[in-house]
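Here is the structure we will look at, set down as C-alpha cells.
Protein chains: 2
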Amino acid sequence: MSRQPSTLVTNIGELTTWDPERPSTEGAAFVIEDGKVAWTGPAVQAPAADTAYDVGGRAVIPGFVDSHSHLVFAGDRAEEFTARMAGQPYAAGGIRTTVRATRAASDEQLTSHVANLVQEMRRQGTTTLEIKSGYGLTVADEARSLAVAGQFTEDTTFLGAHVVPEGVTPEEYVDQVTGPMLEAAAPHAKWIDVFCETGAFDADQARVVLSAGIGRGLKPRMHANQLGAGPGVRLACELGLVAVDHCTYLSDDDITALRDSGTIATLLPGVEFSTKHPFPDGRALLEADVSIAIATDCNPGSCFTSSMPFCIALAVREMGLTPTEALAAATRGGAAALARDDVGSLLPGKRADFAVLDAPNHLHLAYRPGVPLVQETWVGGRRT
Amino acid sequence: MSRQPSTLVTNIGELTTWDPERPSTEGAAFVIEDGKVAWTGPAVQAPAADTAYDVGGRAVIPGFVDSHSHLVFAGDRAEEFTARMAGQPYAAGGIRTTVRATRAASDEQLTSHVANLVQEMRRQGTTTLEIKSGYGLTVADEARSLAVAGQFTEDTTFLGAHVVPEGVTPEEYVDQVTGPMLEAAAPHAKWIDVFCETGAFDADQARVVLSAGIGRGLKPRMHANQLGAGPGVRLACELGLVAVDHCTYLSDDDITALRDSGTIATLLPGVEFSTKHPFPDGRALLEADVSIAIATDCNPGSCFTSSMPFCIALAVREMGLTPTEALAAATRGGAAALARDDVGSLLPGKRADFAVLDAPNHLHLAYRPGVPLVQETWVGGRRT
Numbered sequence: 001m002s003r004q005p006s007t008l009v010t011n012i013g014e015l016t017t018w019d020p021e022r023p024s025t026e027g028a029a030f031v032i033e034d035g036k037v038a039w040t041g042p043a044v045q046a047p048a049a050d051t052a053y054d055v056g057g058r059a060v061i062p063g064f065v066d067s068h069s070h071l072v073f074a075g076d077r078a079e080e081f082t083a084r085m086a087g088q089p090y091a092a093g094g095i096r097t098t099v100r101a102t103r104a105a106s107d108e109q110l111t112s113h114v115a116n117l118v119q120e121m122r123r124q125g126t127t128t129l130e131i132k133s134g135y136g137l138t139v140a141d142e143a144r145s146l147a148v149a150g151q152f153t154e155d156t157t158f159l160g161a162h163v164v165p166e167g168v169t170p171e172e173y174v175d176q177v178t179g180p181m182l183e184a185a186a187p188h189a190k191w192i193d194v195f196c197e198t199g200a201f202d203a204d205q206a207r208v209v210l211s212a213g214i215g216r217g218l219k220p221r222m223h224a225n226q227l228g229a230g231p232g233v234r235l236a237c238e239l240g241l242v243a244v245d246h247c248t249y250l251s252d253d254d255i256t257a258l259r260d261s262g263t264i265a266t267l268l269p270g271v272e273f274s275t276k277h278p279f280p281d282g283r284a285l286l287e288a289d290v291s292i293a294i295a296t297d298c299n300p301g302s303c304f305t306s307s308m309p310f311c312i313a314l315a316v317r318e319m320g321l322t323p324t325e326a327l328a329a330a331t332r333g334g335a336a337a338l339a340r341d342d343v344g345s346l347l348p349g350k351r352a353d354f355a356v357l358d359a360p361n362h363l364h365l366a367y368r369p370g371v372p373l374v375q376e377t378w379v380g381g382r383r384t
Numbered sequence: 001m002s003r004q005p006s007t008l009v010t011n012i013g014e015l016t017t018w019d020p021e022r023p024s025t026e027g028a029a030f031v032i033e034d035g036k037v038a039w040t041g042p043a044v045q046a047p048a049a050d051t052a053y054d055v056g057g058r059a060v061i062p063g064f065v066d067s068h069s070h071l072v073f074a075g076d077r078a079e080e081f082t083a084r085m086a087g088q089p090y091a092a093g094g095i096r097t098t099v100r101a102t103r104a105a106s107d108e109q110l111t112s113h114v115a116n117l118v119q120e121m122r123r124q125g126t127t128t129l130e131i132k133s134g135y136g137l138t139v140a141d142e143a144r145s146l147a148v149a150g151q152f153t154e155d156t157t158f159l160g161a162h163v164v165p166e167g168v169t170p171e172e173y174v175d176q177v178t179g180p181m182l183e184a185a186a187p188h189a190k191w192i193d194v195f196c197e198t199g200a201f202d203a204d205q206a207r208v209v210l211s212a213g214i215g216r217g218l219k220p221r222m223h224a225n226q227l228g229a230g231p232g233v234r235l236a237c238e239l240g241l242v243a244v245d246h247c248t249y250l251s252d253d254d255i256t257a258l259r260d261s262g263t264i265a266t267l268l269p270g271v272e273f274s275t276k277h278p279f280p281d282g283r284a285l286l287e288a289d290v291s292i293a294i295a296t297d298c299n300p301g302s303c304f305t306s307s308m309p310f311c312i313a314l315a316v317r318e319m320g321l322t323p324t325e326a327l328a329a330a331t332r333g334g335a336a337a338l339a340r341d342d343v344g345s346l347l348p349g350k351r352a353d354f355a356v357l358d359a360p361n362h363l364h365l366a367y368r369p370g371v372p373l374v375q376e377t378w379v380g381g382r383r384t
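Quick mapping for you: the protein sequence lines, in order, are chains A and B.
Using the numbering used here, you'd call the opening residue of the first sequence number 1 and step up by one each time.
Using the numbering used here, you'd call the opening residue of the second sequence number 1 and step up by one each time.
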C-alpha cells in the first residue's frame with residue numbers, strides 16, 4: 001500500500017495529547033501520517049508535511065472512547081422515562097420491553113438504527129465505541145445483535161446475561177447463556193458481560209457466566225452496583241477484570257478492592273441523571289487511587305444519551321471531577337477500560353482520532369453544558 | 001409585495017402547536033403562508049399548497065423563545081467556572097471581569113461574537129431571543145452593547161444596573177444609570193432590567209432604576225432571588241412586571257405574590273447547574289398557579305449554555321416539570337415573558353418559527369439529554 005500524504009494540523013488553540021509532561025498545551029501542532037499521530041510538539045518546531053490543516057485557533061482533543069453502550073435495540077421508552085421523572089423508580093425489568101421490540105425488528109431495521117446512533121455519536125466526537133448485545137436474549141437474537149454490532153466496532157460484547165427473559169427460570173436461562181447462546185455469540189464477540197444486580201443476576205450466576213465466556217475465549221467485563229450495594233464490584237476485582245461499570249453504590253471495601261486490583265471503575269453519569277439515583281463520588285475514587293473511565297451507557301431504558309460531552313459536564317457538576325480529569329476519563333480512561341492501547345491519546349503512534357472543538361480549550365466541555373461544541377471528528381486521520 | 005408560495009409541512013411524527021384542545025398530535029400537518037402559520041390540522045384534511053415539505057416522520061415543535069440572555073460580552077471565565085466546580089462559590093462580583101474584557105473589545109469583535117452565539121442558538125432551535133447589555137457599565141459601552149444587540153433581536157434590554165462597576169459608589173452609579181446612561185441606551189432598548197440581589201442592587205435602588213426606565217418608555221423586567229432570599233420577587237409583583245427572572249430562592253409569600261400578580265417566574269436551570277445553587281421547585285410553582293418560562297441566561301459567568309434543550313432536560317430532572325410542561329415554558333412561556341403574541345406557538349396567525357427534531361416526539365428533548373436533536377430550525381417560514 002502506498003504511503004498516504006502526511007498532514008500537519010496547525011493553529012490549534014489548545015492541544016490535549018495526554019503527554020505526561022504536557023497534557024494540554026497552547027501553541028502546539030501535530031502531524032498525521034498513515035492514519036496515526038507521527039509527531040506532536042511546539043508548532044514552531046513542526047516538521048514538514050505534505051499538507052497543512054488550519055483549525056482556526058480551536059481546541060483539539062483525543063476522540064472520545066465510549067466503552068459502554070447498548071445500541072442494538074428497537075423501539076424507545078420515552079413514556080417510561082417520563083413516568084420515572086414523575087416519581088416511578090427505575091427497575092431492571094423494563095429491559096424486557098425493549099427485548100420484545102428488538103426481537104420483532106428486522107436485521108435491516110436494527111442495522112439502520114445502530115448506524116444512526118453511531119453517526120450521532122461521531123458528530124459528538126466519539127471515535128471508538130463498544131456495543132453490547134442484550135436485548136435479544138435468545139440464541140438467534142443475541143447472535144444477530146452481535147453480528148449487527150460487529151459492523152460498527154471491534155469491541156462487541158455478548159450480554160446475554162442482561163436480564164432473565166420471560167418464560168424461563170434463572171437457572172434454565174444461565175444454562176442457555178453459558179451453553180448454546182455463548183456458542184452462537186462467541187464468533188461475533190470480543191467481550192462477555194453480565195448485569196450483576198438484584199433483579200438481574202446474582203454473584204454466583206455472574207461468576208458462572210463470566211467463567212464460561214472466558215473458557216470460550218472472550219474477555220470478561222461487568223455491570224455492577226448500579227441500583228444498590230452488592231457483591232458485583234468485589235467479584236469484578238477478585239476476577240481481575242479490566243473494568244467494572246456503573247459503580248453507583250460503592251462501600252469502602254469496594255473502593256479498596258478496586259484500588260488493589262487495578263480494575264477500572266467506569267462511571268456512567270448519564271444513568272444517574274436519567275434514573276435519579278445519586279451520583280457516585282468520582283473525586284473519592286481518584287483520591288483512593290482508583291482508575292476511572294466515563295462512558296454514556298447509551299440505551300433506551302436507563303440512559304438514552306449518546307453525548308460524551310454531556311457526560312463530562314455531569315461528571316464535573318455531580319461527581320467532583322475537574323474538567324481535565326473528566327476528559328481524561330472519557331478518552332484514555334475509556335481506552336484503558338477496553339484494553340486498547342491504540343486510541344485514547346494523541347501521542348505518537350496512536351491512531352489519529354480527534355475532535356476539533358468550537359472552543360479555545362477543553363474546559364468548555366464542562367463550562368458550556370449541552371452545547372454541541374464538537375465541530376469536526378477525525379478517525380484514523382480522516383475527517384468523518 | 002407579492003405573495004410568497006405557500007408550503008404544506010407533512011409527514012410529521014408529532015406536531016406540537018399548543019392548541020388548547022390538542023397540544024401535541026400525531027398525523028397532523030400545517031401550512032405556512034407569508035411567513036406565518038396559515039392552517040393546522042389532520043394531515044388528511046390539509047388544504048392545497050404551492051409546495052410540500054416532508055419532515056420524514058420527525059417531531060415538529062414551536063421554536064424556542066429564549067427570554068433571558070447576555071450575549072454582548074468578550075472573553076470567557078472558564079477558569080472561574082472550573083474553580084467554582086471545585087468549591088469556590090459564585091459571586092456577582094465576577095461580572096466585573098467580563099466588563100473589563102467587553103470594554104476592551106472593538107464593536108466588530110462584539111458583533112462577531114454575538115453573531116456566533118446567535119447562530120449556535122439557532123442550530124439548537126431558538127427562533128426568538130432577548131439580549132441584554134450589562135457588561136459595558138459606562139454610557140458609551142452600554143449604548144454600543146445595545147446597538148450590537150439590536151442587530152440580532154427586537155427584544156433588547158438595558159441592564160446598566162447589572163453590578164456597580166469599580167471606582168464609583170452605588171449612589172453615584174444609580175444616578176448615572178438613571179440619567180445619562182438611560183438617555184444613551186433608551187433609543188436602542190425595548191426593556192429595562194435590574195439585578196436585585198445582595199452584591200448588586202437593593203430593592204430601593206431597583207425601584208428607582210425601573211421607574212426611571214418606565215419614565216423613558218422602556219418596559220421593566222428584573223433579575224431577583226438568584227443567590228438568596230430577598231425582596232426582589234415581591235417588588236416585581238408589586239410593580240406588575242410581566243416577568244421576574246431566576247426565582248431560585250422563593251418563600252411562600254413570594255409564590256403567593258407571583259400567583260396574585262400574574263408575573264411570570266422565568267426559571268434558568270442552567271444557572272443552578274453551573275453555580276451549584278439548589279434548583280427551584282418548578283412543580284410547586286405550577287401547582288400554585290404561577291405562570292413560568294424557561295430560558296438559558298446564556299452568559300460567561302453564571303451559565304454559559306446556549307441550549308434550550310439542555311435547559312428543558314434540567315427542568316424535567318431537577319425542577320419536577322413534565323417534558324410537556326418544560327417545552328411549553330421554553331416556547332409559549334418565553335413568548336409571554338417577552339409580551340410577544342406573535343411567537344411561541346404554531347397556531348394559525350403565529351410566525352412560522354419551528355424546529356424539526358431528529359426524534360419521533362417532544363419527550364425526547366428530556367429523554368435524550370445532551371444530544372443535539374434539533375435537525376432544522378425555521379424562522380418566519382424559512383429554513384435557516
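The C-beta atom is built at its ideal place from N, Cα and C for all residues, glycine as well.
What residues are listed by DSSP as bridge partners for residue i?
i: Glu33 of chain B; result: B:Lys36
i: His223 of chain A; result: A:Phe195 and A:Asp245
i: Asp155 of chain A; result: A:Glu130
i: Ala28 of chain A; result: A:Pro42
i: Asn299 of chain A; result: A:Cys303
i: Glu376 of chain B; result: B:Val356
i: Phe201 of chain A; result: A:Cys196
i: Thr389 of chain A; result: Since the first residue of chain A shown is 1 and the last is 384, residue 389 of chain A is not available in this structure.
i: Thr7 of chain A; result: A:Ile32 and A:Thr51
Figure out for me which residue from the options has the closest Cα to the Cα of residue i.
i: Val374 of chain B; options: B:His364, B:Tyr367, B:Gly380 and B:Asp358; result: B:Asp358
i: Leu346 of chain A; options: A:Thr198, A:Trp18 and A:Phe64; result: A:Trp18
i: Glu166 of chain A; options: A:Asn116, A:Gly93 and A:Leu268; result: A:Gly93
i: Gly56 of chain B; options: B:Thr25, B:Val114 and B:Asn11; result: B:Asn11
i: Gly370 of chain A; options: B:Gly27, B:Gly213, B:Leu71 and B:Glu120; result: B:Glu120
i: Ser306 of chain B; options: B:Leu15, B:Thr178, B:Thr128 and B:Gly27; result: B:Thr128
i: Pro401 of chain B; options: B:Thr51, B:Val37 and B:Ala28; result: Nothing about residue 401 of chain B can be read from this structure; chain B reaches only from 1 to 384.
i: Thr138 of chain B; options: B:Gly160, B:Arg122, B:Ala149 and B:Ala147; result: B:Gly160
i: Gly63 of chain B; options: B:Arg123, B:Trp39, B:Phe73 and B:Asp254; result: B:Arg123
i: Phe158 of chain B; options: B:Glu183, B:Glu172 and B:Pro170; result: B:Glu183
i: Lys350 of chain B; options: B:Leu365, B:Leu363, B:Arg332 and B:Ala366; result: B:Arg332
Mind checking which residues open and close the beta strand (DSSP E) that includes residue i?
i: Ile12 of chain A; result: No beta strand (DSSP E) holds Ile12 of chain A; DSSP gives it neither H nor E.
i: Glu183 of chain A; result: Glu183 of chain A -> not in any beta strand (DSSP E); alpha helix (DSSP H) instead, spanning Leu182 to Ala185.
i: Ala52 of chain B; result: Thr51 to Asp54
i: Val316 of chain B; result: Val316 of chain B -> not in any beta strand (DSSP E); alpha helix (DSSP H) instead, spanning Met308 to Glu318.
i: Ala293 of chain A; result: Ile292 to Ile294
Quick one: using the 10 Å Cβ neighbour count with 16 as the cut-off for buried, is residue i buried or exposed?
i: Ile292 of chain B; result: buried
i: Gly125 of chain A; result: buried
i: Met1 of chain A; result: Note on Met1 of chain A: pLDDT 49, under 50, position unreliable in the model; the coordinate value appears next. With fewer than 16 Cβ atoms within 10 Å of its Cβ, Met1 of chain A is classed as exposed.
i: Ser106 of chain B; result: exposed
i: Pro187 of chain A; result: exposed
i: Asn361 of chain A; result: buried
i: Glu79 of chain A; result: exposed
i: Ser112 of chain B; result: exposed
i: Ile264 of chain A; result: buried
i: Ser251 of chain B; result: exposed
i: Ala313 of chain B; result: buried
i: Thr7 of chain A; result: buried
For the alpha helix (DSSP H) holding residue i, just list the boundary residues, first then last.
i: Thr97 of chain B; result: Ile95 to Ala104
i: Pro170 of chain B; result: Pro170 to Gln176
Counting contacts by CB-CB distance shorter than 7 Å, is residue i in contact with chain D?
i: Gly370 of chain B; result: Of the protein chains in the structure, A and B, none is chain D.
Could you tell me which uninterrupted beta strand (DSSP E) segments, each at least 3 residues in length, are contained entirely in the segment 249-288 of chain A, listed from first to last along the chain?
If only uninterrupted beta strand (DSSP E) runs of at least 3 residues are considered, those enclosed by the segment 249-288 of chain A are 264-267.
Complete alpha helix (DSSP H) runs within the segment 325-355 of chain B (minimum length 4 residues, chain order)
List check, alpha helix (DSSP H) in window: 332-337.
What beta strand (DSSP E) runs, 3 residues minimum, are completely inside the segment 67-141 of chain B?
For the segment 67-141 of chain B, whole beta strand (DSSP E) runs of length 3 or above, ordered along the chain, are 126-132.
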